[in-house]
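In the numbering used here, the protein residues as written are 42 to 502.
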Ligand code: HEC
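This is how it looks when you write it as C-alpha cells:
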C-alpha cells in the first residue's frame, strides 16, 4: 500500500513537471513580448510564495528557528529554490505526516500545504524563482527572541514559574546520552491549575542536541503509610514539539506543597561539544480560577498488545527486511475528550492510526499518521470543535506499522533484527494522547452542544 502511494505521487509529480515545462515556456515567451513581470502567470516570491512560507515554513526557517536556513526574504530563499522544490514536491517539508484523505482534518497546528500551494511553489521554481514586485510582500512576521518563550507569544505573559535542570555536557561524537536530574520545587500553598508548559533547551547549542525530553513533578514523600500522589507530567518535548497550551477552561492539577521535578532528557551528539541547560516554564490559571475541565494532559498509550500484562513492548520483533503491524485497544471506562495525538515509534515506524469504535457499533477512523518520520515528534492538536468526544464504553483502537526494508527512507540497516529499546535504532510503540476524562454531566452537555451545532449547520445548507 505504501508503495502504491509513493508511485502514485511520483507519477503525479512527473505529469505535473511535464505540464509545467510547457507553461513556463509559454510564460517566458509572453514575458519577452510584454512588460516583464506584468500580467505574468508565473508565481513570484513577493506575491504568491512569501505568504505560504510565512504560514508553513518561517516558524522554523528564521534566523533563530530550528531549521538550518532562514526563508524570510527573497535573498535568503532564492539559493534554496531547487531544494525547496524537491522537499515540497515529496511532501517532506513542511513536516506534517498525517493522511490528508481520511479522518479528522481540522487541527490547530496544521501547517501542511494544500495541493494548490504545492503547485504554486513548484511553478515558482520552474518559472525561474522570480522575486516579483517587492511591494507585494506581506508584512513580515515577528518571532519570539531566540532564547524567549514561544508560549508567551500565544498567552501574552511570561511563565508563572521556571524550573531549571542542571547542566549536562554532550560529547562531540558518540552514542545517544540520557540525563535525568531531579530538582527541588518549593511549590504553592494551595492547589493550582496549569494552563501551559514549555520545555526550552538552551539556545543555540541545546536546541541542536536535545532529541526529546520530559519533566515530571512528583510530590515529596508524604506521611508514613500515606499514598504518594501520582506524578504530574508537566511537559514532554520532541523535535517539532516543545510546549502544550491547554484550551481555555481546561487545566492540569498542580498539587500544593513542595515536590521534586524530574527531568528525563535524551541527547544526541552533533559533532561539537555542547553544554545544555533546560528551562521548563509553567503558566497557571489565576489563583481564584478553577477550570471547568481537569485533564491529565498527554497520556501514554502503549500500542503493543501487551500493556495489560505489563510486559511492555515484548511483541516488537521485526525480522531483517520484514515488517510488523501491532494493534491495541483501550475501553473508555469514563467519557473522554481527546485534544491531541502524537505517535511515538523509532526509525522503522511508518504509520500509526487511532480509531474509535463507539458503543452503538459505529466505527470512525479519527487520525492516521501514514507518513510517520522518527526525526519528527509532532502532536496533531485537534481544533476545539473537532476533538473526538468519546462516550463511556468506546473502544479506542491504535495500530502501528513498522517497515524494516530498504524502502524505508531512514532505515539505518535493513539486515538487522529489531527489538524494543530506547535507542533510535531499536523500536518503540506508543502514542501520547492528550485526553481529558469527563463526568457524565460534562459529556451530556458537550454531546448536546455538538448535536445542536450539527443541526444548525444542516439548516444552513
Ligand atoms: C517545524 C519546523 C519546520 C517547518 C515548519 C519547515 N521546516 Fe524545512 N526544515 C526544518 C529542519 C529542522 C530542517 C533540517 C532537517 C532536515 O533536513 O529535515 C529543514 C530542512 C529543509 C530543507 C532542506 C535544507 C537542506 O539542507 O537542503 C528545505 C529545502 C526546507 N526545509 C524547506 C522548507 C519549506 C519550503 C517549508 C515550508 C513549506 C519548511 N521547510 C517548513 C524545519 C522545518
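Beta carbons are placed, not taken as given, at the ideal position from N, Cα and C, and that holds for glycine.
Predicted model only: the values in this text are computed from it and were never measured.
Considered as a whole, the segment 290-366 harbours 291-295, 300-308, 315-317, 320-325 and 339-343 as its complete beta strand (DSSP E) runs of no fewer than 3 residues, in chain order. In this structure the segment 172-180 does not touch the segment 283-294; the number of beta carbon pairs closer than 8 angstroms is below three. A check of alpha carbon separations from residue 459 across 237, 362, 278 and 122 identifies 362 as the nearest.
Spanning the alpha carbons of residue 413 and residue 261 requires a straight line of approximately 38 angstroms. Between the alpha carbons of residue 367 and residue 409 lies a gap of roughly 14 angstroms.
For residue 160, there is no enclosing beta strand (DSSP E); the enclosing alpha helix (DSSP H) covers residues 156-167. Contact fails between the segment 153-162 and the segment 437-452, because fewer than three Cβ pairs, one in each stretch, are under 8 angstroms apart. Note that the C-beta distance between residue 250 and residue 315 is below 7 angstroms. In the DSSP secondary-structure assignment, residue 426 is not bridged to any residue.
Taking a 10 Å sphere around the C-beta of residue 235, we find 16 or more other C-beta atoms and assign the residue as buried. Contact annotation: residue 436 and residue 398 have beta-carbon atoms nearer than 7 angstroms.
Set against 6 angstroms, the gap from the CB of residue 124 to the closest heavy atom of the ligand HEC is smaller. In the DSSP annotation of this structure, the continuous segment of the alpha helix (DSSP H) that includes residue 95 starts and ends at 91-97. Distance from the Cα of residue 378 is smallest, within the candidate group 122, 313, 232 and 485, for 485.
Between residue 254 and residue 304 a beta carbon distance of about 6 angstroms is seen, short of the 8 angstroms cut, so the two are scored as contacting. Counting only the Cα atoms, residue 202 lies some 32 angstroms from residue 343.
Here DSSP, grouped into helix, strand and coil, assigns residue 218 to strand.
Between residue 479 and residue 359, the alpha-carbon positions lie close to 38 angstroms from each other.
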